[in-house]
Amino acid sequence: MAAPSAKKRLVHHLETPFSTSSWPEISIDDQDSILELLCHLLSPIGQHRRIHTKTSKGKRAAKREKRAKSKVDEVPNSVKIPTPPGPELSASVDVGFNSITKNLGLNTSPPDESNKSHKDYSMIFVARGSQSQAFNQHFPQLVAAASRNLPDKEKIRLVGFSKPCSEKLGSVLGVPRASSVAVSRHAPGADALFAVVQNLVAPVDSPWLNETPITTYKSTQIGSVETTIGIKREK
């Protein structure tokens, strides 16, 4: 007996009355080329982290190690070798959803002399193929808003990788995975990468950001999505 077909219904949700910003279109070959250049740029950060940063093995392992050290008498006047500073590039690179989104939000606001802690990004790379759209769909509009007052040559370039590559980026950086990476303007050693990205990737386009402010009423936009209804179980 054939299984009964699933019923469908419309689900309504609110949408923005403004036009949405689309991701820049980049061919797969160009994405691969940019990814290789990015990995080459970030590799010194990962090398330093693998050599000089101790990998966490959990709280229990840390407690056992602490107890073991307390039982061993330290050598008098022992000299602890300080950890070498990280690559200069580290200060110009942000990794992760939270820090990048926060800095982009600060860049969308008018300049404030009391808050100069934000970074001016030149490039943002997102592993779109490694995560749900809900985690990265805000990037185009944020990037467009953050760079709307910049000259065309200085606008932030947004690169979305269609293939899953978060683990590859994480391996290069010495972390389990990295879904997004941002590079600040004038980052040391990033000139070649920026030249390629600037040539292959167009700035994010959001025409409504450049419209003259007017008081025209924007009506509520209702979107509809067709979804399936689960089959009711027989008692």
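Sequence positions in the sequence shown follow the UniProt record's numbering and run 1 to 235. Beta carbons: idealized from backbone N, C-alpha and C, even for Gly.
From the options, residue whose alpha carbon lies closest to that of residue i
{"i": "Val-172", "options": "Arg-50, Ala-134, Ile-124 and Thr-83", "result": "Arg-50"}
{"i": "Pro-188", "options": "Leu-38, Trp-23, Ile-26 and Ser-21", "result": "Leu-38"}
{"i": "Val-204", "options": "Pro-85, Ser-122, Ile-28 and Asp-29", "result": "Ser-122"}
{"i": "Leu-193", "options": "Pro-176, Leu-158 and Ser-179", "result": "Leu-158"}
{"i": "residue 242", "options": "Asp-94, Ile-26 and Leu-14", "result": "Given a span of 1 to 235 for the chain in the structure shown, any question on residue 242 remains unanswerable."}
{"i": "Lys-155", "options": "Leu-35, Ser-43, Asp-120 and Pro-82", "result": "Asp-120"}
{"i": "His-52", "options": "Ile-28, Arg-64 and Pro-84", "result": "Pro-84"}
{"i": "Asp-94", "options": "Leu-42, Ser-224, Gln-133 and Arg-60", "result": "Leu-42"}
Unbroken beta strand (DSSP E) run spanning residue i, endpoints
{"i": "Gln-221", "result": "221 to 229"}
{"i": "Ala-182", "result": "180 to 184"}
Neighbourhood of residue i by C-beta, 6 Å cutoff - its chain only, sequence neighbours within 5 removed
{"i": "Ile-222", "result": "His-12"}
{"i": "Gly-174", "result": "Gly-46, Arg-49 and Arg-50"}
Own chain, CB closer than 7 Å to residue i, minus 5 neighbours either side, in chain order
{"i": "Glu-226", "result": "Lys-8 and Leu-10"}
{"i": "residue 239", "result": "Nothing can be reported for residue 239: it is not among the residues displayed for the chain, which extend from 1 to 235."}
Span of the alpha helix (DSSP H) around residue i
{"i": "Asp-205", "result": "No alpha helix (DSSP H) holds Asp-205; DSSP gives it neither H nor E."}
{"i": "Arg-50", "result": "28 to 52"}
{"i": "Ala-195", "result": "191 to 200"}
{"i": "Ala-172", "result": "The amino acid at residue 172 is misidentified as Ala; the sequence shows Val. Taken as a continuous stretch (DSSP letters only), the alpha helix (DSSP H) holding Val-172 covers 166 to 173."}
Proximity test, residue i beta-carbon vs the ligand PLP heavy atom, cut-off 7 Å
{"i": "Gly-223", "result": "Looking at this structure, you won't find the ligand PLP or any other ligand, since it has none at all."}
Per DSSP, the bridge partner or partners of residue i
{"i": "Leu-14", "result": "Ile-222"}
Close Cβ partners of residue i (< 8 Å) along its chain, the five nearest in sequence each way excluded
{"i": "Ile-229", "result": "Ala-6, Lys-7, Lys-8 and Arg-9"}
Within the region 86 to 157, note down every full alpha helix (DSSP H) run reaching 4 residues or more, in order along the chain. If only uninterrupted alpha helix (DSSP H) runs of at least 4 residues are considered, those enclosed by the region 86 to 157 are 97 to 108 and 139 to 146.
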